[in-house]
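In what follows, a single structure is set out as structure tokens and then discussed.
Chains as they are written, first to last, in this note's numbering: chain A, 511 to 919; chain Y, 511 to 919.
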């Protein structure tokens, strides 16, 4: 499909062949690009989409050539759960959970990786690289493993959760475990990737990642019969997932598939709330940096790379940002699991923590239909929970077990 | 739907109201029950099934009442992947992977839990219990969490992988971590469950688990356009998953949806190959016990509970059993991940190890279409891989990183 690239800051328009990543005038931090379509050219109808099919069912709304490369693993088509009992308890009209823990590598990031791999293939690259807090990395490694014509090189903070590191290694990627923060891993990856001439799957820098990430929003719309929620909440690190959600609804609105765009609410960890701070200061949005410190490793970002877009889009939607403590995140994680059977990693639990906070302070209430996006599977990082749950073995003896049960039930 | 229960050993037929678990004459070890339908009563057509919908699309072929309880989480509808490049490398006609790592709690066991929960609800129980090597436990805990009218009590060996234990705890189940083997946890759970009057979701004992597990086979048939593979391989512990696979194809064959039943091949770990031993000794199949010792915790079973069925069904299909070493299992795990992007836990990798062995010894070859069933997500047990992959952090310095890359690529 034909499309252009537009700078989120200065509005300059480029042909896709003209620039690879960001606006040359505004630089990589402020000059991230949007993919702009000519919506009049796009012919789609509600009937052609299914609540179960993978993300490439939206190919007519993706910036891909006719014969694009599609990874063999099934990405997207994740479930949207409706929990009326929880809605009642919270005091909202309806409560839904989009669960992306069942993607091939168990996170939302697979949507972006699938698109980046299609693009790398189209452009003829042989190596693709990424810096990541962990999920984008294991996602790129996994989807590249299923793609014989591409190799991947992955930069992560060496202290990323073990399961994510093991995923990257077992998928056969070249892993560069950086002795430092995600922000440091990001910066060094850019230097090396540039020098080596590799394709970048770095958040925000590559405008197509967001186009992959938008498919989660499109699925929500289809799964709700095109009556979108009033609010959609999601955890925010770099700001690309939240921007992608807005863009997904926006594109669907522009082609007439939905009648309105939900208000998008970004939820950040208190210890890594740079996007919220920028948003709260107001326009013109100016990036700030901080030292990130949160248990939710996937959103532990101090130098958010897509902050301008994440602020502009949320503002355009009528939404806002809220922050939650690590304690609230873990409580939310336990509640999601024990009351709904939804196992989310800490970053994926943040939006539920945010929702609880907003309901308590009556910013959201009984008229509101609310969806949260759970971006990663709880199996990806069990460290915080391990500390909470102490296991004391019981001998296989009837009396001892009965005693134990009396104490625990 | 109306159905009867039949003893796998003596063939006695019971009404579902007459017996709860096993044949009173043959006892719990040899007297496991089969669900028997009157196939003439069942009206189904190929057109009504989809390659993407959840397991309850097969409700007409499940022993459930009209208004059965369906867990709110999406179980089944997992992808079947086709890897022509791997088929070529292996030297088989076609190679497919049924990936059940994307079920709600990341294992095949969710299919059985969903059915057990429907049955517990139908029968009016308030508590359901299970003994498990880990996956059935976390599955029951997770699906029960989404089911407010049921509580779960879970018996596992205390040395089960941490991620599985954490899942059980975070889902809010009552966990009884037994200081002993799975086989000991199983035996003590039966005593306690019986005493307390809880519903049993114990492998083999409960005839309905297999009916849930059969839906994986039915999905394979639908996903292949009703042209089933020549061989289906799966890892075997207690023997219920493999029996379920056979039953799924058998039911579809009996109602005319498919024209033949694939040969079913069971793959066991060398250190826990009791079913294979019983099978190889031949009929009449006599259960044996052994001390289980394998890295593949989900199939680390020394006292298999569904051994008679697992032998009879495999024999009826024209299949057989093969065993593989732990080393071969881990190699298979790495190959599945690095060449296909499929992350399987050790037990889920066993069938691929078995396939490689059978191809090497030319028991399977170029005319054969082969599917393997990956029963659990690799994130559920990363211990073996952690030992293989050593991580040495690199400073965020351009020269140091380039040096590191030269050594690792």
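All C-beta atoms in this analysis are idealised placements derived from N, C-alpha and C, irrespective of residue type, glycine included. Just so it is clear, the structure is predicted and the values come from calculations on it, not from any experiment.
Listing by chain order, which chain A residues have their CB less than 7 Å from the CB of residue 656 of chain Y? Within 7 Å Cβ-Cβ: 850, 851.
By DSSP, does residue 581 of chain Y sit in helix, in strand, or in coil? DSSP places residue 581 of chain Y in coil when its eight states are reduced to three.
With a threshold of 8 Å between beta-carbons, can residue 595 of chain Y be considered close to chain A, or not? Interface with chain A (8 Å Cβ-Cβ cutoff): residue 595 of chain Y is included.
C-beta contact flag for residue 748 of chain Y and residue 807 of chain Y at 8 Å: Cβ distance not < 8 Å, so residue 748 of chain Y and residue 807 of chain Y don't count as in contact.
Helix, strand or coil, according to DSSP, for residue 645 of chain Y in the structure here? Three-state result, residue 645 of chain Y: helix.
The alpha helix (DSSP H) spanning residue 874 of chain A covers which residue range? Going by DSSP, residue 874 of chain A is part of no alpha helix (DSSP H) at all; its letter is neither H nor E.
Closer than 8 Å between beta carbons: that is the criterion. Which residues of the segment 873–897 of chain A meet it against chain Y? So the close ones are 887, 888, 889, 890, 892, 895, 896.
Kindly identify the DSSP beta-bridge partner or partners of residue 830 of chain A. For residue 830 of chain A, which the question treats as bridged, DSSP gives the partners A:775.
Chain Y within 8 Å of residue 823 of chain A, Cβ atoms only: Using a Cβ-Cβ cut-off of 8 Å, residue 823 of chain A does not count as an interface residue toward chain Y, since no Cβ of chain Y sits closer than that to its own.
What would DSSP say about residue 544 of chain A, mapped onto helix, strand or coil? Here residue 544 of chain A sits in strand by DSSP.
Three or more C-beta pairs under 8 Å: does that hold for the segment 846–860 of chain Y against the segment 643–656 of chain A? Judged by Cβ distances under 8 Å, the segment 846–860 of chain Y makes contact with the segment 643–656 of chain A, as three or more pairs qualify.
Suppose contacts are defined by Cβ-Cβ distances below 8 Å. Is residue 583 of chain Y in contact with residue 887 of chain A by that definition? With respect to residue 887 of chain A, residue 583 of chain Y sits apart: the two C-beta atoms are not nearer than 8 Å.
Can you grab the Cα-Cα spacing for the pair residue 841 of chain Y / residue 708 of chain A, in whole Å? Between the alpha carbons of residue 841 of chain Y and residue 708 of chain A lies a gap of roughly 30 Å.
Meets three-Cβ-pair contact criterion under 8 Å: the segment 556–570 of chain Y and the segment 729–736 of chain Y: Cβ pair count under 8 Å is three or more, so yes.
With a CB to CB cut of under 6 Å and the five nearest residues on each side skipped, what residues in its chain are close to residue 661 of chain Y? Within the same chain, residue 661 of chain Y has close Cβ partners 637.
If we count Cβ pairs, one from each stretch, closer than 8 Å, do we get three or more for the segment 684–692 of chain Y versus the segment 609–623 of chain Y? The segment 684–692 of chain Y is not in contact with the segment 609–623 of chain Y.
Please determine, among Y:858, Y:664, Y:741, the residue with the shortest C-alpha to C-alpha distance to residue 869 of chain Y. With distances taken between Cα atoms, residue 869 of chain Y lies closest to Y:741.
Ordered list of beta strand (DSSP E) runs contained in the segment 752–800 of chain A, each at least 3 residues: Those beta strand (DSSP E) runs which fall completely within the segment 752–800 of chain A and span 3+ residues are 773–779.
Alpha-carbon to alpha-carbon, residue 678 of chain A and residue 746 of chain Y: Straight-line spacing of the CA atoms in residue 746 of chain Y and residue 678 of chain A works out to 28 Å.
Which two residues bound the contiguous beta strand (DSSP E) that contains residue 608 of chain A? For residue 608 of chain A, the enclosing beta strand (DSSP E) covers residues 604–609.
CB contact check: residue 788 of chain A to chain Y, cutoff 8 Å: Closer than 8 Å: no.
Following the continuous alpha helix (DSSP H) through residue 696 of chain A, name the residue where it begins and the one where it ends. Boundaries of the alpha helix (DSSP H) harbouring residue 696 of chain A: 692–706, taken from the DSSP string.
Quick check: the Cα distance between residue 581 of chain Y and residue 627 of chain Y, rounded to an integer number of angstroms? Whole-angstrom Cα-Cα distance: 8 Å.
Going along the chain, which residues of the segment 679–699 of chain Y sit with their C-beta nearer than 8 Å to a C-beta in chain A? Taking 8 Å as the Cβ-Cβ cut-off against chain A, the residues of the segment 679–699 of chain Y that qualify are 679, 680, 681, 682, 684, 685, 686, 687, 688, 689, 690, 694, 695, 697, 698.
Keeping to the same chain, check which residues put their C-beta closer than 6 Å to that of residue 761 of chain A; ignore five residues upstream and five downstream. These residues qualify, in order along the chain: 571.
At a Cβ threshold of 8 Å, is residue 909 of chain A touching chain Y? No - not a single Cβ of chain Y is within 8 Å of the one on residue 909 of chain A.
Following the continuous beta strand (DSSP E) through residue 687 of chain A, name the residue where it begins and the one where it ends. Run containing residue 687 of chain A: 684–688, per the beta strand (DSSP E) assignment.
Going along chain Y in order, which residues have a C-beta closer than 7 Å to the C-beta of residue 918 of chain A? Per Cβ cutoff of 7 Å: 684.
State yes or no: is the beta carbon of residue 777 of chain A nearer than 8 Å to at least one beta carbon in chain Y? Not an interface residue.
Residues that residue 745 of chain A bridges to, as DSSP identifies them: Residue pairing for residue 745 of chain A: DSSP places it in a beta bridge opposite A:777.
Do you know offhand how far residue 534 of chain Y's Cα is from residue 602 of chain A's? Pairing residue 534 of chain Y with residue 602 of chain A, the inter-Cα distance amounts to about 51 Å.
What's the C-alpha gap between residue 549 of chain A and residue 513 of chain A? Cα-Cα distance, rounded: 10 Å.
Step through the CB atoms of chain A and report whether any lies within less than 8 Å of the CB of residue 785 of chain Y. By this cut-off, residue 785 of chain Y is not an interface position.
Same chain only: Cβ atoms within 8 Å of residue 874 of chain A, ignoring 5 sequence neighbours per side: Within the same chain, residue 874 of chain A has close Cβ partners 602, 741, 865, 868, 880.
Identify which residue in A:642, A:710, A:666, A:558 has its Cα closest to the Cα of residue 901 of chain Y. That would be A:666, whose Cα lies nearest to the Cα of residue 901 of chain Y.
Option in Y:537, Y:530, Y:529 with minimal Cα separation from residue 520 of chain Y: The closest CA to that of residue 520 of chain Y, considering only Y:537, Y:530, Y:529, is found on Y:537.
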